[in-house]
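Residue numbers (our numbering): 13 to 247. Positions of the beta carbon are idealized from the N, C-alpha and C atoms, including for glycine. Heads up: the structure comes next, in structure tokens.
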């Protein structure tokens, strides 16, 4: 079962989430502050981080940025509100998803599994049946996509893509030129069906563009089709 690092300053929430996850077989390390959570990372080596936004000292945004600076661990934000600026800022800081507190154990489990699947699966099988032998690395301009190895590079340098960024790029690049609505991307990449979560898509596109595009405001790879959604290319 995935190892979970929980960073949450509210003792009641921390104990409740820890108990719910341990009942489902997860190994959980819990920290009451951002500093303690960062200290636990090297030794505990979690598979995923559940991160409260409103922490004393280093807040969740700073902790998220610190983790993203040298690790591409999946990060799910825990937030008390689901319709405010905090969620957007957290996504822009590098979080992969968010859960509104209080959350039931089955919701936590479903979101954890959905996020972790993004690190392990190709783009939903949309590229067609697998061919025998190693799959070739796909090249789009200066961008190289190794679907089997889950490695993306630009001009020969590997790009540090977070799980959601990788899954989004794999999904879009599997069918260059095809336009997908935010809702379609939400369902295929994030495995959500909530219309209000379209901001997950927009924040991820923004972060992805800063890594793969020469000029994020004039994207060559992940393009906006106004009124419809996003597409990969055509280059």
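Item checked: 3 or more residues per run - each beta strand (DSSP E) lying fully within the segment 24–68 -> Whole beta strand (DSSP E) segments, 3+ residues: 39–43, 60–64.
Item checked: Nearest-angstrom Cα separation, counted from residue 17 out to residue 49 -> Taking the chain shown and counting its residues from 1, one reaches residue 49 at position 37. Taking the chain shown and counting its residues from 1, one reaches residue 17 at position 5. Rounded to the nearest angstrom, the gap between the Cα atoms of residue 49 and residue 17 is 8 Å.
Margin query: Nearest by alpha-carbon distance to residue 221: which of 203, 242, 209 is it?
Written below: Counting from one through the chain shown, the residue named residue 221 turns up at place 209. For the residues 203, 242, 209, the minimum Cα distance to residue 221 belongs to 242.
Notebook entry, point to check: For residue 129 versus residue 59, is the C-beta distance shorter than 9 Å?
Noted result: For the purposes of this step, residue 129 is identified with residue 117 of the chain shown, where counting begins at 1. For the purposes of this step, residue 59 is identified with residue 47 of the chain shown, where counting begins at 1. When the beta-carbon positions are compared, residue 129 and residue 59 stay at least 9 Å from each other.
Check: What do you reckon, are the CB atoms on residue 213 and residue 194 nearer than 9 Å?
Finding: Locating residue 213 in the chain shown gives position 201, where the first residue counts as 1. Locating residue 194 in the chain shown gives position 182, where the first residue counts as 1. The answer is yes: Cβ separation under 9 Å.
Notebook entry, point to check: In the segment 70–105, which residue ranges form an unbroken alpha helix (DSSP H) of at least 4 residues, counting only runs that do not cross its ends?
Noted result: The DSSP assignment places complete alpha helix (DSSP H) segments of no fewer than 4 residues inside the segment 70–105 at 72–82, 97–105, in order along the chain.
Check: Considering only the beta carbon of each residue, do residue 232 and residue 247 sit closer than 9 Å?
Finding: Numbered from 1 along the chain shown, position 220 holds the residue referred to as residue 232. Numbered from 1 along the chain shown, position 235 holds the residue referred to as residue 247. Yes, they are a contact pair.
Next item on the list: Give me the Cα-Cα distance between residue 203 and residue 78, rounded to the nearest whole angstrom.
Entry: Mapped onto the chain shown, residue 203 falls at position 191. Mapped onto the chain shown, residue 78 falls at position 66. If you draw a straight line from the Cα of residue 203 to the Cα of residue 78, it comes to about 27 Å.
Next item on the list: Go to residue 214, then tell me how far its alpha helix (DSSP H) extends in each direction, as first and last residue.
Entry: The residue labelled residue 214 in the question sits at position 202 within the chain shown. According to the DSSP assignment, residue 214 belongs to the alpha helix (DSSP H) that extends over 210–224.
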